[in-house]
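Chains as they are written, first to last, in this note's numbering: chain A, 4 to 349; chain B, 117 to 195.
Even for Gly, the Cβ is constructed at its ideal location relative to N, Cα and C.
Remember, predicted model here, so these are calculated numbers, not experimental data.
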């Protein structure tokens, strides 16, 4: 290792300081670049769009780097084995609530979905509870939550988390009630696992956890940054040039098809939360109602065709179809619900 | 001759782990047979729920994270 001479505590502190300095200087820097270096007028459409772009790109990338590192680091202390032991043999409602809560703090990469599903069932976690976890984990993920908090403030982030949990718990309860155990692929019930984790002969040190987190952060940021830049560019164009009336007319509560249309549109955007949130930020500022925005976000994070294909290995078609339908309907219900609340409140 | 098993469905993390394992064998100067276990039932059966998992000569060394080549090299020289 190149930095093996520098203590890791110093590296983390230095990185945190650099992060904070960058965070507080990007705003003034973007304004200065837009209106002093470039010959743009304050308040002009092009000026607005350029300032939005120059401020948002570094802001989103900074947030992404800082928070993904922090979450990856903290996550290394939560083992899926502890989660499933806590969830085993629980009643439907407390189990589903706990599972959804765990889903928020232990996101898994979609390639872990199948081993997790088998491992949970094998340990005696009820099917509905397992589903609550399976829905909450990708939907309320750290990238989405952090970007919502950073770009819209805590209220929107918390509303997003609460409605995500609601959909996850609802889906879990419903699937549990439907008694669909026989639509799980038969071999899943035959698996007898070694007690997971007990065989582990090595506990990573804090330094290794910090290093691991940094490597996976780099991996994630390297993968998503082009989408972030494209998303912010589209957001900037919307910000500067799309009239508010048009957004309200197409995406507003006056158009009953807006929510389901946004949900369908969200499916192919899976995994692009980082690129889509800046677009949603611009649309919200132009009057897109909160419910439509939430439904769109949830569809992007929770409805993923690649993940469904993977889950087909452990679920018979009927269970998979019920799962997709229940989650999709839950998301649409959240969209309509918040749009109604917003229009009824004003 | 060591047997290194990478447990995972073939996602980017598993591929990074496999690559680190190969580098580690070179670093430690040992011969190693690197295998990839992709069957989900077997992955769970071996005690791994969050992928990728790493098994060296039959003992589970890590799961849910991608250890660096240096870490793996240390395990290889211990084994």
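Asked	Found
8 Å Cβ cutoff, residue 316(A) in contact with chain B	yes
For residue 170(B), three-class secondary structure by DSSP	strand
Per-residue DSSP class, three states only, for residue 91(A)	coil
Range covered by the beta strand (DSSP E) that runs through residue 179(B)	175-179
Nearest to residue 166(B) (by Cα), restricted to the options 209(A), 42(A) and 78(A)	78(A)
Where the beta strand (DSSP E) containing residue 121(B) begins and where it ends	118-123
Per-residue burial, residue 217(A) [other beta carbons within 10 Å of its own, 16 or more giving buried]	buried
Members of the segment 78-98 of chain A that neighbour chain B once the beta carbon cut-off is set at 8 Å	79, 82, 83, 84 and 87
C-beta neighbour in chain B for residue 119(A), strict 8 Å	yes
Proximal residues of chain A, C-beta to C-beta of residue 146(B) below 7 Å	What residue 146(B) touches in chain A: nothing, since even the nearest Cβ is about 18 Å away.
Sequence-distant residues of its chain with Cβ nearer than 6 Å to residue 290(A) (five each side left out)	247, 250 and 251
Positions along the segment 155-166 of chain B whose CB lies within less than 8 Å of some CB in chain A	156, 157, 159, 160, 161, 162, 163, 164, 165 and 166
Buried or exposed by the 16-neighbour rule on C-beta atoms within 10 Å, applied to residue 215(A)	buried
Residue span of the alpha helix (DSSP H) that contains residue 155(B), given as start and end	Per DSSP, residue 155(B) belongs to no alpha helix (DSSP H) and is neither H nor E.
Selection of the segment 170-196 of chain A by Cβ proximity to chain B, strictly under 8 Å	190, 191, 193, 194, 195 and 196
Spatial distance of residue 199(A) from residue 283(A) (CA atoms)	Confidence at residue 199(A) is low in this model, with a pLDDT of 49, below 50, so the placement of that residue should be treated as unreliable; the coordinate-derived value is given next. The alpha-carbon atoms of residue 199(A) and residue 283(A) are separated by roughly 41 Å.
Residues that residue 2(A) contacts on chain B, provided the C-beta gap is smaller than 9 Å	Absent from the model: residue 2(A). The displayed extent of chain A is 4 to 349, so no value can be given.
Runs of alpha helix (DSSP H) wholly within the segment 117-171 of chain A (minimum 4 residues, chain order)	130-142 and 145-155
Distance between beta carbons of residue 60(A) and residue 237(A), contact taken as under 8 Å	Not confirmed; about 12 Å, so no contact.
Cross-chain neighbours of residue 214(A) in chain B, by beta carbon under 8 Å	184
8 Å Cβ cutoff, residue 307(A) in contact with chain B	no
DSSP three-state assignment for residue 40(A), whether helix, strand or coil	helix
Cα-Cα separation between residue 268(A) and residue 118(B), rounded to whole angstroms	49 Å
Own chain partners of residue 144(B) with C-beta closer than 6 Å, once the 5 adjacent residues on each side are dropped	189, 192 and 193
Length-filtered (4 minimum) alpha helix (DSSP H) runs lying within the segment 183-271 of chain A	189-193, 209-244, 247-254 and 261-269
Cβ shell of residue 191(A) (< 7 Å), same chain only, five flanking positions each side left out	121, 124 and 317
Three-state secondary structure (DSSP) of residue 165(B)	coil
Burial state of residue 180(A), where buried means 16 or more other Cβ atoms lie within 10 Å	exposed
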